[in-house]
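Residue numbers (this note's numbering): 211 to 592.
See the structure below:
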């Protein structure tokens, strides 16, 4: 059986299907910025009278069809704060079925610490799961045995069509709904999505100012991704332009076949061997790529090998780190001073809390009362 079918079917079962089932009732579908519908899909069990559709405030979903006729589920999460003068920073998340919710929740949680961010998820679930991901994100045309694929130089033209959709039609669609800052954009991708993010960096370094590649499937880039890396390093950095921030993460367990992966392969009657995992060379390739990329000084590279993480369990860990890198780049480091006074007011708090415009080491960002007259948080950005 072709290794491509094995990889994609495993991804569909282990990653996409459970989350996609939850997202089917995730939210409504916006039509335009001025006409956001509130209708939602029926509950999972429509016969249970007390069932309610799960929805998220300020979150929408719709299907976007590319010029080539390919269909994508698009998820959009908006922050509470109004858009700044230049527009919101925006994070585009590939494989939105598995990553959108995590990033959207993180953006909302950290809005008070950093600032407001728009999150956009792109999912292939509007088409048949599996093949469309391979079509859009593999750099080489034929993915067969990984040991052979790594030597391939035959380019997959469909990946360029998908990139054109991302940077053209989709960005225009988002911009018609909400104001975004064209200078503060990030692209997060895992596995094949991580490969595509690195390809975007090497071939279109100005498209995004933050790129995160979790467990990038560099073997599916054949020789092309390494040729692009070599050419990228030979080009001199453009003067006066802030280099992109790049984050590459890999799970420490990705070079060995894990028991749960073997069980899943057996259930699906697929052949997955230690030799195949060895041929993927996930950990070594990721480390080597990050080392070579950082050598030219053209980008700000962070590499992290996440302990005790597999190809799937690494997802939330890499997304958390990627979020911090993006937010720090756009808004500065985390609020530089946080003052917690946990004495009830009746006891008399001896600390001073400073609001906007007041003097003192904690002035600037304002104060937040956390309830019950017992906790104040006062903080300032650098």
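Ideal placement from N, C-alpha and C gives every residue a C-beta, glycine not left out.
- Rounded to the nearest angstrom, the gap between the Cα atoms of residue 397 and residue 303 is 6 Å.
- Per DSSP, the continuous alpha helix (DSSP H) segment holding residue 406 begins and ends at 402-413.
- Apart from sequence neighbours up to five positions away, the residues of its chain that approach residue 321 with a beta-carbon distance below 8 Å are 289, 290, 291, 327, ordered along the chain.
- Looking at the DSSP output, residue 505 shares a beta bridge with no other residue.
- Excluding five sequence positions before and after residue 493, the CB atoms of its chain that fall closer than 6 Å to its own CB belong to 460, 464, 465, given in chain order.
- Distance from the CA atom of residue 392 to the CA atom of residue 349, rounded to whole angstroms, is 26 Å.
- The Cβ atoms of residue 443 and residue 423 lie no closer than 8 Å to each other.
- Boundaries for residue 490: no beta strand (DSSP E) harbours it, while the alpha helix (DSSP H) harbouring it runs 484-490, taken from the DSSP string.
- In this chain, the alpha helix (DSSP H) harbouring residue 530 covers 524-541.
- Listed in chain order, the non-local C-beta contacts of residue 540 below 6 Å within the same chain comprise 299, 394, local neighbours out to five positions each way being set aside.
- Contact between residue 373 and residue 330 is ruled out by a C-beta separation of about 15 Å, above the 8 Å threshold.
- Residue 507 and residue 345 have their alpha carbons spaced roughly 32 Å apart.
- Comparing C-alpha distances from residue 470 to each of 432, 499, 317, 521 shows the shortest one belongs to 521.
- Judged by their CB atoms, residue 309 and residue 529 are nearer to each other than the 8 Å cut-off.
- Taking residue 402 as reference, the option from 468, 432, 383, 294 with the minimal CA-CA separation is 432.
- A distance of 8 Å or more separates the beta carbons of residue 371 and residue 362.
- Per DSSP, residue 439 is one residue of the alpha helix (DSSP H) stretching across 434-444.
- Between residue 347 and residue 411, the C-beta spacing is not below 8 Å.
- With a cutoff of 8 Å on beta-carbon distance, residue 513 and residue 458 are scored as near each other.
- Residue 277 has its alpha-carbon roughly 33 Å from the corresponding atom of residue 451.
- Judged by DSSP secondary structure, residue 344 falls within the alpha helix (DSSP H) whose first and last residues are 341-347.
- Under the three-state reduction of DSSP, residue 322 is assigned to coil, being neither helix nor strand.
- Taking C-beta atoms as the reference points, residue 287 and residue 269 count as a pair closer than 8 Å.
- Per DSSP, the unbroken alpha helix (DSSP H) holding residue 371 starts and ends at 367-374.
- Between residue 427 and residue 524, the CB-CB gap reaches or exceeds 8 Å.
- By the C-beta density criterion, residue 473 is exposed, having fewer than 16 other C-beta atoms within 10 angstroms.
- Taking 8 Å as the cut-off, the Cβ atoms of residue 456 and residue 510 count as close.
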